[in-house]
């Protein structure tokens with residue numbers, strides 16, 4: 001086999017394999033990040049009663065997709081298939097994983113810690129800013145610092161997610177201008193990051 005024909009064969013293989021399972025290291029990094037928001041509720045994403053779902057990697061993005069839909073997707077060419085399932089986030093070139101707002105519905109459904117933002121601070125958060133003490137409506141009891149939280153409007157609509165800067169007890173003693181939640185993702189990204197989100 002010549003070098004030229006080997007190159008063609010390798011290129012063909014890459015085109016055929018659209019999505020692949022995560023490696024052990026990728027799974028470890030991804031589940032560690034996911035557990036920051038949903039804790040042990042990860043099992044409800046994996047062990048579903050309706051039908052089997054899996055996490056797959058394509059172009060450094062992790063997708064959550066049903067096995068049935070994944071089997072159907074092989075009938076489409078690579079150029080025709082933009083994405084498949086729900087994108088949970090992306091691996092960087094350095095191996096870090098960043099959650100995308102596209103998985104907010106799943107995070108909100110299985111969240112262990114929640115934070116509600118006042119209407120006066122809601123728009124600021126949707127523009128990508130951190131949440132200050134003055135904008136904090138309420139927070140789940142016994143939330144530790146550096147914990148992933150789902151951010152809700154006061155009408156119980158999930159609008160994003162972040163990481164707590166202080167525990168629930170410490171939040172009560174803070175000044176109004178102190179940061180209580182570090183912004184990680186919000187629904188406003190659908191407009192601000194429209195080209196990068198898919």
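Numbering (my numbering), first residue to last: 1 to 198.
Glycine residues also receive a C-beta, built at the ideal position from the N, C-alpha and C atoms.
C-beta atoms of residue i and residue j nearer than 9 Å
i           : j           : result
residue 68  : residue 51  : yes
residue 97  : residue 29  : yes
residue 183 : residue 146 : no
residue 22  : residue 55  : yes
residue 36  : residue 148 : yes
residue 100 : residue 91  : no
residue 174 : residue 133 : yes
residue 80  : residue 57  : no
residue 113 : residue 72  : no
residue 169 : residue 180 : no
Closest by C-alpha distance to residue i, when choosing among the options
i           : options            : result
residue 93  : 59, 115, 63        : 59
residue 135 : 85, 24, 81, 171    : 171
residue 117 : 103, 175, 165, 139 : 139
residue 86  : 63, 137, 121       : 63
residue 153 : 180, 122, 32       : 122
residue 44  : 80, 150, 111, 33   : 111
residue 76  : 19, 25, 38         : 19
residue 131 : 169, 113, 176      : 176
residue 196 : 34, 53, 61         : 61
residue 155 : 72, 31, 115        : 115
residue 126 : 120, 186, 144      : 186
residue 142 : 53, 32, 167, 194   : 167
residue 32  : 95, 84, 124        : 95
residue 137 : 144, 124, 120      : 120
DSSP three-state assignment for residue i, whether helix, strand or coil
i           : result
residue 139 : strand
residue 176 : coil
residue 72  : helix
residue 113 : coil
residue 164 : strand
residue 120 : helix
residue 126 : helix
residue 199 : Any answer about residue 199 is impossible in this case: the structure gives the chain only from 1 up to 198.
residue 24  : helix
residue 132 : strand
residue 197 : coil
residue 191 : helix
Cross-strand partners of residue i (DSSP beta bridge)
i           : result
residue 38  : None; residue 38 has no bridge partner.
residue 61  : 58, 90
residue 103 : In DSSP, residue 103 forms no bridge with anything.
residue 153 : 117
residue 83  : Looking at the DSSP assignment, residue 83 forms no beta bridge with any residue, so it has no partner.
residue 97  : 91
Proximity test, Cβ basis, 9 Å: residue i and chain C
i          : result
residue 61 : No chain C appears in this structure, which consists of one protein chain only.
Item to complete: Please determine if the region 104-116 and the region 150-167 are in contact, where contact requires at least 3 C-beta pairs separated by less than 8 Å.
Response: Contact between the region 104-116 and the region 150-167 is present: three or more C-beta pairs spanning the two stretches fall below 8 Å.
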